[in-house]
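In what follows, a structure is listed as structure tokens, so that the remarks can point back to it.
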Amino acid sequence: MKITLAPMEGVVDFQMRKLLTKLGGYDLCVTEFLRVVDITFPRKKFLSNCPELADGGYTSSGTPVRIQLLGQNPSVLAANARKAVLLGSHGVDLNFGCPAKTVNKNKGGAVLLKEPDQIYEIVKAVRDNVPSEHEVSAKIRLGYDDDSNSQAIVDAVQKAGASSLVIHARTKRDGYSPPAYWEKIPPLKTNLSMPVIANGEIWTVEDAFACQARSSCEDIMIGRGALARPDLAAEIKATLNNQPYQPIVWADVLHLILESSRELLPHHTPHYFSSRIKQWLVYLKRQYPEASELFTQIRLMHRKDEVIEALESQLSRQ
1 MKITLAPMEG VVDFQMRKLL TKLGGYDLCV TEFLRVVDIT FPRKKFLSNC PELADGGYTS
61 SGTPVRIQLL GQNPSVLAAN ARKAVLLGSH GVDLNFGCPA KTVNKNKGGA VLLKEPDQIY
121 EIVKAVRDNV PSEHEVSAKI RLGYDDDSNS QAIVDAVQKA GASSLVIHAR TKRDGYSPPA
181 YWEKIPPLKT NLSMPVIANG EIWTVEDAFA CQARSSCEDI MIGRGALARP DLAAEIKATL
241 NNQPYQPIVW ADVLHLILES SRELLPHHTP HYFSSRIKQW LVYLKRQYPE ASELFTQIRL
301 MHRKDEVIEA LESQLSRQ
């Protein structure tokens, strides 16, 4: 089983990729999307999205990183995809799954699921312009309002020459509401030769293996579950290899949050800084009851120093 860290816009950035991959278990990371409209981005734009390019496209712990692009213009996407891999991205991923209204109204992300022919044109243009040694992957959902054209979508991706396909087992209308319909993936794979990766609602080790069984996919992609359980991928791999594993405890998580805080401190405003820490705590509350207490404590805080002080105070009591 290969495990990919999902591209979560506004959440899994350079700092979060660094922290999560350091804990182990991930075979690949995909960046937050770069929204492509009508220009080929300069090098600094790619580096802003993926600072790992300065280190050969790897996180500090050695996990390869792949840039994700989002847009509707085949030729402009193709030019940016080619530049991304030449700069060191480990392949390029195409976003056809983002459900955000602001993205969809500009004909990006999941709205393209209504147009399999356009998906074909985009994937083909990118595949034709990216050197063959680099993978071109796509990330989709089962459909927009429903899954009635899901087979047409996956067939378009394969026909266009994609190397692999991630299927988030929900429609755009479903958003992120459970469940994920893993069992709807196997029929879509029947005539596919490219690898298919299952995604959606993987929060635990048990979920990972249930997803693998019900989707008939060897490999998985983890998104929100990685934020709720920072060492989830490492525990999955240990279980897969019949190795003993001791999950990290709340004190370990606090150290991670503090490390993240130090990464964020020099680069962001007080409001952004505090919002990011609170955002992570919302996910952590699912696994660690102590996160609820900490979230309540810092909920109204905005100054960096008071947030850090609260984190250090709770750590001292562990």
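Its first residue numbered 1, the sequence shown is counted upward by one per residue in full-length UniProt numbering. Glycine included, each C-beta is placed from N, C-alpha and C at the ideal position.
How would you call residue i, buried or exposed, if buried means at least 16 neighbouring beta carbons within 10 angstroms?
i	result
residue 168	buried
residue 60	exposed
residue 235	buried
residue 323	Only positions 1 to 318 of the chain appear in this structure, which leaves residue 323 out of reach.
residue 300	exposed
residue 105	exposed
residue 229	buried
residue 43	exposed
residue 101	exposed
residue 74	buried
residue 190	exposed
residue 193	exposed
residue 175	exposed
residue 274	buried
residue 283	buried
residue 213	exposed
residue 54	exposed
So, at 7 Å on beta carbons, what are the nonlocal neighbours of residue i in its own chain, with the 5 sequence-adjacent residues on each side left out?
i	result
residue 131	85
residue 119	96, 112, 153, 156, 157
residue 141	97, 110, 113, 168, 170, 171, 172
residue 231	23, 247, 248
residue 281	291, 294, 295
residue 211	182, 198, 202, 220
residue 288	250, 253
residue 64	28, 57, 58, 90
residue 159	120
residue 256	19, 230
For the putative contact between residue i and residue j, defined by C-beta atoms under 8 Å, what is the C-beta separation to the nearest angstrom?
i	j	result
residue 76	residue 36	6 Å
residue 28	residue 226	No, residue 28 and residue 226 are not in contact; Cβ-Cβ is about 13 Å, not under 8 Å.
residue 150	residue 188	6 Å
residue 9	residue 32	5 Å
residue 7	residue 68	5 Å
residue 294	residue 314	6 Å
residue 136	residue 163	5 Å
residue 264	residue 276	6 Å
residue 324	residue 1	Absent from the structure is residue 324, since the part of the chain shown begins at 1 and ends at 318.
residue 88	residue 57	4 Å
Give me, in chain order, the residues of the same chain whose beta-carbon lies closer than 8 Å to that of residue i; leave out the 5 immediate sequence neighbours on both sides.
i	result
residue 108	35, 70, 71, 72, 95, 98
residue 40	76, 79, 80, 83
residue 241	none
residue 92	66, 67, 68, 69, 81, 84, 85, 126, 130, 134, 135, 136, 137
residue 251	315, 318
residue 145	171, 172, 173
residue 15	260, 263, 264
residue 143	113, 149, 150, 153, 171, 172
residue 45	34
residue 307	261, 273, 274, 277, 298, 301
residue 244	238
residue 184	142, 147, 150, 169
Opposite residue i in the DSSP bridges: which residues?
i	result
residue 213	Answer by DSSP bridge pairing: none, since residue 213 is not bridged.
residue 325	Residue 325 is absent from the model: the chain starts at 1 and stops at 318.
residue 5	29, 222
residue 35	70
With a threshold of 6 Å on Cβ separation, who are the neighbours of residue i within its own chain once the five nearest residues in sequence on each side are excluded?
i	result
residue 186	216
residue 200	168, 169, 170, 180
residue 270	302, 303, 304
residue 223	6, 8
residue 237	25
residue 17	29, 59
residue 103	109
residue 286	228
Compute every distance between the C-beta of residue i and the non-hydrogen atoms of the ligand FAD, then say whether any falls below 7 Å.
i	result
residue 11	Among the components modelled here there is no ligand, and therefore nothing to report on the ligand FAD.
Whole runs of the beta strand (DSSP E) within the segment 100-161, excluding any shorter than 3 residues: 136-141
Please specify which runs of the alpha helix (DSSP H), each continuous and at least 4 residues long, are wholly inside the segment 203-282, giving them in chain order. The segment 203-282 contains these whole alpha helix (DSSP H) runs: 205-215, 224-228, 232-240, 250-264.
Considering only residues of the segment 47-103, which uninterrupted alpha helix (DSSP H) runs meet the minimum length of 4 residues and lie entirely inside it, listed in chain order? 74-86
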